[in-house]
Amino acid sequence: MYRTHTCGELTGKHIGEKVTLAGWIDARRDHGNLIFLDVRDRWGKTQLVFNPDDSRDLHAAAEKLRSEYVVRVEGVVDKRPQGTANPKLSTGEIEVRVSALELLNASKTPPFEILDESDVSEEVRLKYRYLDLRRAPMLKRLGLRHQITQIVRRYFDGHQFIEIETPILTKSTPEGARDFLVPSRLSAGCFYALPQSPQLFKQMLMVAGADRYFQLARCFRDEDFRADRQLEHTQIDVEMSFVTEEDVMSELEGLLIEIMHKVKGIKLQLPLKRLSYQDAMNTYGSDKPDLRFGVELKDVTAILKNTDLKIFQSVIQAKGVIKGLSISGQEFSRSDLDHLVTLVKENGAQGLAWLKVTAEGLESPIAKLITNEQRKELVKTFGTKPGDTLFFVADQWSTCVKALGVLRNRLAERLNLARRDEFKFLWVVDFPLFEWNDEEKRFDSLHHPFTAPKPEDLKYFDSEPLAIHARAYDLVLNGTEIGGGSIRIHQRDVQNQVFRALGISQAEVQEKFGFLLDALAYGAPPHGGIALGLDRLCAILAGVDSIREVIAFPKTQKGVCLMTEAPSKVYPKQLKELSIQVKT
Ligand code: ASP
Numbered sequence: 088m089y090r091t092h093t094c095g096e097l098t099g100k101h102i103g104e105k106v107t108l109a110g111w112i113d114a115r116r117d118h119g120n121l122i123f124l125d126v127r128d129r130w131g132k133t134q135l136v137f138n139p140d141d142s143r144d145l146h147a148a149a150e151k152l153r154s155e156y157v158v159r160v161e162g163v164v165d166k167r168p169q170g171t172a173n174p175k176l177s178t179g180e181i182e183v184r185v186s187a188l189e190l191l192n193a194s195k196t197p198p199f200e201i202l203d204e205s206d207v208s209e210e211v212r213l214k215y216r217y218l219d220l221r222r223a224p225m226l227k228r229l230g231l232r233h234q235i236t237q238i239v240r241r242y243f244d245g246h247q248f249i250e251i252e253t254p255i256l257t258k259s260t261p262e263g264a265r266d267f268l269v270p271s272r273l274s275a276g277c278f279y280a281l282p283q284s285p286q287l288f289k290q291m292l293m294v295a296g297a298d299r300y301f302q303l304a305r306c307f308r309d310e311d312f313r314a315d316r317q318l319e320h321t322q323i324d325v326e327m328s329f330v331t332e333e334d335v336m337s338e339l340e341g342l343l344i345e346i347m348h349k350v351k352g353i354k355l356q357l358p359l360k361r362l363s364y365q366d367a368m369n370t371y372g373s374d375k376p377d378l379r380f381g382v383e384l385k386d387v388t389a390i391l392k393n394t395d396l397k398i399f400q401s402v403i404q405a406k407g408v409i410k411g412l413s414i415s416g417q418e419f420s421r422s423d424l425d426h427l428v429t430l431v432k433e434n435g436a437q438g439l440a441w442l443k444v445t446a447e448g449l450e451s452p453i454a455k456l457i458t459n460e461q462r463k464e465l466v467k468t469f470g471t472k473p474g475d476t477l478f479f480v481a482d483q484w485s486t487c488v489k490a491l492g493v494l495r496n497r498l499a500e501r502l503n504l505a506r507r508d509e510f511k512f513l514w515v516v517d518f519p520l521f522e523w524n525d526e527e528k529r530f531d532s533l534h535h536p537f538t539a540p541k542p543e544d545l546k547y548f549d550s551e552p553l554a555i556h557a558r559a560y561d562l563v564l565n566g567t568e569i570g571g572g573s574i575r576i577h578q579r580d581v582q583n584q585v586f587r588a589l590g591i592s593q594a595e596v597q598e599k600f601g602f603l604l605d606a607l608a609y610g611a612p613p614h615g616g617i618a619l620g621l622d623r624l625c626a627i628l629a630g631v632d633s634i635r636e637v638i639a640f641p642k643t644q645k646g647v648c649l650m651t652e653a654p655s656k657v658y659p660k661q662l663k664e665l666s667i668q669v670k671t
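Take the sequence shown: its position 90, counting from 1, is numbered 177 in the working numbering, and each next residue is one higher.
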């Protein structure tokens with residue numbers, strides 16, 4: 088037996104017992120004659136004592152031990168001397184008086200110390216990920232991820248779902264990103280696509296009668312790196328037959344209750360808040376609003392429409408709106424305000440007006456254009472008091488709310504309005520089915536092309552496609568979209584109608600989605616589902632900013648694995664077998 092206990096297990100209860108431990112040398116302290124070493128494993132650290140009076144040889148051997156050497160020790164558990172206990176450590180009451188030592192492996196001096204808190208650059212951490220993961224907070228996060236996946240598996244198993252694996256080598260499933268392609272050796276010149284999601288397979292499983300499916304599914308999307316994304320991510324993927332939106336949402340709420348309770352000890356209040364897409368955009372300027380803070384957008388078009396300001400006038404003539412938000416408790420310097428103006432312009436708006444409310448009146452370049460009456464109305468609308476600052480954007484509705492939404496988030500971040508230990512979930516519903524892609528002059532699906540339209544909106548297909556609502560729902564947590572799903576189209580003619588509206592030719596439909604249309608013609612049941620982003624959920628619950636902190640071996644922002652150095656060149660022979668020529 089390598090060990091009798093883990094390094095995080097021994098307490099006062101074990102005093103007097105003979106034990107064997109195995110692990111890594113963590114820290115070393117020499118006190119006069121005595122050598123103290125901590126030995127560490129996934130469960131914690133235990134203090135070892137080497138006393139030359141017990142054994143000169145052992146003491147000499149301990150002197151040679153360095154950080155990260157792997158050892159196995161035998162000894163007796165002792166109470167630490169009076170005043171030396173460490174209450175921060177689970178094993179802080181005891182130490183092991185070593186009677187035998189075996190060096191299992193030596194270690195080079197690591198490029199960084201294995202400490203809980205570390206300011207080592209992320210490049211170095213990722214290159215030596217196996218050392219980075221040795222740090223207690225990292226192992227703890229892997230443990231948290233495991234805990235969540237086990238809750239997921241138990242929950243769905245208990246609710247009559249079955250876990251089914253779907254292929255990785257497959258055909259393109261459009262989720263709005265570029266596909267990763269894998270060349271086929273056996274069919275020269277042909278390619279598999281890695282799945283952007285198991286979407287079509289889970290729908291096939293519903294046609295097959297599987298009825299309730301889930302999978303912890305790896306999804307691959309060849310995206311240009313925006314913020315916090317990875318080329319591959321994991322989804323908690325779910326599909327159900329004979330269900331409505333309510334059924335899918337309440338099934339998921341049940342899962343969230345379990346996760347929040349078991350992982351965070353939080354009792355989630357049901358049902359979760361719901362907002363329509365329109366209300367979310369109008370009130371928070373985002374379809375994934377962070378509800379940990381208020382700072383709501385208010386429409387002030389009626390109040391400011393007569394202001395003698397050209398930009399306001401021209402926006403109103405073009406049927407635009409003026410909306411604003413109010414911020415308390417922050418003094419904005421001129422350069423702060425300039426930065427915010429730039430931010431809003433970068434997000435498409437023509438400009439940002441601001442008004443500082445002081446006890447004496449308003450302070451702003453446009454203050455003299457605001458009448459007393461308007462000032463009173465503004466103060467009333469926002470509940471503003473002296474010291475607050477008001478911000479306004481005048482533009483077309485969609486540009487206006489989106490720009491203010493970005494501003495709202497930026498201000499909240501600066502002022503620390505959101506608490507990390509607060510968890511605000513909400514559903515966003517009633518999305519439009521399509522959005523207009525102005526660059527390519529066509530409609531795109533807001534979710535994916537298999538999302539069902541609301542039946543009452545089918546009449547708008549030819550006249551006003553943008554007025555069609557989708558039977559879709561997104562799950563948002565603390566300003567992050569952590570999931571999304573929909574009731575699917577289960578009728579072939581409706582699916583064809585959507586493909587037509589998206590401008591996909593009949594030939595392309597046949598080539599790409601022929602199997603889906605075929606399957607829908609063989610008695611497809613009404614069905615719907617959802618997918619939750621496991622990485623994001625774990626990151627939020629772990630209280631970290633980046634999903635890379637909850638993925639064992641993530642890639643950099645450039646899609647590179649610094650540890651294995653993937654992607655890498657391959658041998659010409661391999662390319663030849665694949666009938667591929669590389670031009671670089
Ligand atoms: N397949 C969708 C996605 O990956 C989720 C769903 O509709 O179930 O976003």
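Note that beta-carbon positions come from the ideal geometry of N, C-alpha and C, so glycine has one too. Remember, it's a predicted structure, so these values are computed and weren't measured experimentally.
Of the residues Ser420, Ala440, Asp423 and Gly474, the one placed nearest Ala446, counting alpha carbons only: To locate residue 446, count along the sequence shown from 1; it is residue 359. Comparing Cα positions, the closest option is Gly474.
Alpha carbon of Gly276 to alpha carbon of Ser666, nearest angstrom: As a first step, residue 276 must be located in the sequence shown, where it is residue number 189. As a first step, residue 666 must be located in the sequence shown, where it is residue number 579. Computed Cα separation, rounded: 7 Å.
Heavy atom of ligand 1 within 7 Å of Ser284 beta-carbon: Counting from one through the sequence shown, the residue named residue 284 turns up at place 197. Ser284 Cβ: within cutoff of ligand 1.
Boundaries (first-last residue) of the alpha helix (DSSP H) holding Asn583: The residue you call residue 583 lines up with position 496 of the sequence shown. Where Asn583 is concerned, the enclosing alpha helix (DSSP H) stretches over Arg579 to Ala588.
Any non-hydrogen atom of ligand 1 within 7 Å of Glu262 CB: Sequence index remark: in the sequence shown, residue 262 carries index 175 (1-based). Yes - ligand 1 has a heavy atom lying nearer than 7 Å to the Cβ of Glu262.
Distance cut-off 7 Å: Ala275 Cβ against heavy atoms of ligand 1: If you number the sequence shown from 1, residue 275 lands on position 188. Every heavy atom of ligand 1 is 7 Å or more from the Cβ of Ala275, so no.
Buried or exposed (CB count within 10 angstroms, at least 16 for buried), Met327: Position 240 of the sequence shown, counting from 1, holds the residue named residue 327. Burial call: buried.
Segment contact, 8 Å Cβ cut-off, at least three pairs: the region 242 to 261 with the region 569 to 577: No contact exists between the region 242 to 261 and the region 569 to 577.
Proximity of His614 and Val325 at Cβ, strictly below 8 Å: Reading the sequence shown from its first residue, position 527 is the one you call residue 614. Reading the sequence shown from its first residue, position 238 is the one you call residue 325. Not in contact: His614 and Val325 (Cβ atoms no closer than 8 Å).
Limits of the beta strand (DSSP E) - the one that Cys277 falls within: For the purposes of this step, residue 277 is taken as residue 190 along the sequence shown, with counting starting at 1. Run containing Cys277: none; DSSP gives neither H nor E here.
Contact set for Arg308: own chain, Cβ-Cβ below 6 Å, skip 5 residues either direction: Taking the sequence shown and counting its residues from 1, one reaches residue 308 at position 221. Taken in chain order, the residues that qualify are Ala264 and Gln283.
Beta-bridge pairing of Asn524 - partner residues as DSSP gives them: Your numbering for residue 524 matches position 437 in the sequence shown. Its beta-bridge partners are Arg529.
Per DSSP, cross-strand counterpart(s) of Trp441: As a working note, residue 441 is residue 354 in the sequence shown. Bridge partners of Trp441: Phe478.
Test item: CB-CB of Tyr547 and Ala554 under 8 Å: Looking up residue 547 in the sequence shown gives position 460. Looking up residue 554 in the sequence shown gives position 467. Yes.
CB-CB length for Cys94 against Gly119, believed under 8 Å: As a working mapping, residue 94 is identified with position 7 in the sequence shown. As a working mapping, residue 119 is identified with position 32 in the sequence shown. Not a contact, Cβ separation roughly 25 Å.
Own chain partners of Met291 with C-beta closer than 7 Å, once the 5 adjacent residues on each side are dropped: Start at 1 with the first residue of the sequence shown, and residue 291 comes out as number 204. Once the five neighbours on either side are set aside, the close Cβ partners of Met291 are Ala606.
Distance cut-off 7 Å: Ile617 Cβ against heavy atoms of ligand 1: As a position in the sequence shown, residue 617 is number 530, starting the count at 1. Result yes, Cβ under 7 Å from ligand 1.
Stretch pair the region 447 to 461 + the region 527 to 536: three plus CB contacts closer than 8 Å: no
Limits of the unbroken beta strand (DSSP E) element including Phe123: If you number the sequence shown from 1, residue 123 lands on position 36. Looking at the DSSP string, the run of the beta strand (DSSP E) that includes Phe123 is Leu121 to Asp128.
Helix, strand or coil at Gly224 according to DSSP, with G and I counted as helix: In the sequence shown, the residue the question calls residue 224 occupies position 137. Before going further, note that residue 224 is Pro rather than Gly in the sequence given. Correct three-state label for Pro224: helix.
Local Cβ density within 10 Å of Leu218, reported as buried at 16 or more and exposed below that: As a first step, residue 218 is located in the sequence shown; it is residue number 131 there, counting from the start. Answer is buried; the Cβ neighbour count reaches 16.
Cβ shell of Leu624 (< 6 Å), same chain only, five flanking positions each side left out: Within the sequence shown, residue 624 is the residue found at index 537, counting from 1. Residues of the same chain with a CB within less than 6 Å of the CB of Leu624, apart from the 5 flanking positions on each side, are Ile569 in chain order.
6 Å CB neighbourhood of Val239 in its chain, flanking five on each side removed: Counting from 1 along the sequence shown, the entry for residue 239 is found at position 152. Hits under 6 Å: Ile323.
Cβ neighbour criterion (16 or more within 10 Å) applied to Gly590: Here residue 590 refers to the residue found at position 503 of the sequence shown. The residue in question, Gly590, is exposed, as its Cβ has fewer than 16 Cβ neighbours within 10 Å.
Under the three-state DSSP convention, the category Cys94 falls into: Your numbering for residue 94 matches position 7 in the sequence shown. In the three-state reduction of the DSSP assignment, Cys94 falls in the coil class.
Classification of Gly601 by the beta-carbon crowding that lies within 10 angstroms, buried from 16 upward: Numbered from 1 along the sequence shown, position 514 holds the residue referred to as residue 601. Answer is exposed; the Cβ neighbour count stays below 16.
Residues sharing a beta bridge with Ser363, DSSP: The count along the sequence shown starts at 1 and reaches residue 363 at position 276. For Ser363, which the question treats as bridged, DSSP gives the partners Val516.
Alpha carbon of Glu29 to alpha carbon of Pro224, nearest angstrom: This structure cannot settle anything about residue 29, because the visible part of the chain is limited to 88 through 671.
Proximity test, Ser259 beta-carbon vs ligand 1 heavy atom, cut-off 7 Å: The residue you call residue 259 lines up with position 172 of the sequence shown. No, the Cβ of Ser259 stays beyond 7 Å of every heavy atom of ligand 1.
Alpha-carbon spacing of Thr671 relative to Lys656, whole angstroms: Locating residue 671 in the sequence shown gives position 584, counting from the first residue. Locating residue 656 in the sequence shown gives position 569, counting from the first residue. C-alpha separation (whole angstroms): 11 Å.
Gly601 in three-state terms, based on DSSP: In the sequence shown, counting from the first residue as 1, residue 601 sits at position 514. In the structure shown, Gly601 sits in a helix (DSSP, three-state: H, G or I).
Through-space distance from Gly616 to Gly572, alpha-carbon basis: Mapped onto the sequence shown, residue 572 falls at position 485. Mapped onto the sequence shown, residue 616 falls at position 529. Looking at the two C-alpha atoms, the distance is approximately 6 Å.
Close-in-space but distant-in-sequence residues of the same chain around Asp113 (CB under 6 Å, 5 per side omitted): To locate residue 113, count along the sequence shown from 1; it is residue 26. Excluding sequence positions up to five before and after Asp113, its CB lies within less than 6 Å of the CB of Asp125, Arg127 and Lys132, all in the same chain and listed in chain order.
Contact belief for Phe518 with Pro552 at Cβ below 8 Å, rounded distance in angstroms: As a working mapping, residue 518 is identified with position 431 in the sequence shown. As a working mapping, residue 552 is identified with position 465 in the sequence shown. Not quite, the Cβ-Cβ distance comes to about 14 Å (not below 8 Å), so this is no contact.
Expected contact under 8 Å - CB spacing of Gln286 and Phe537 to nearest Å: Along the sequence shown, read from residue 1 onward, the residue named residue 286 stands at position 199. Along the sequence shown, read from residue 1 onward, the residue named residue 537 stands at position 450. Right, the Cβ-Cβ distance comes to about 6 Å (below 8 Å), so this counts as a contact.
Sub-8 Å separation of Val444 and Leu477 beta-carbons: In the sequence shown, residue 444 corresponds to position 357, counting from 1. In the sequence shown, residue 477 corresponds to position 390, counting from 1. It is a contact, given that the beta carbons lie within the stated cut-off.
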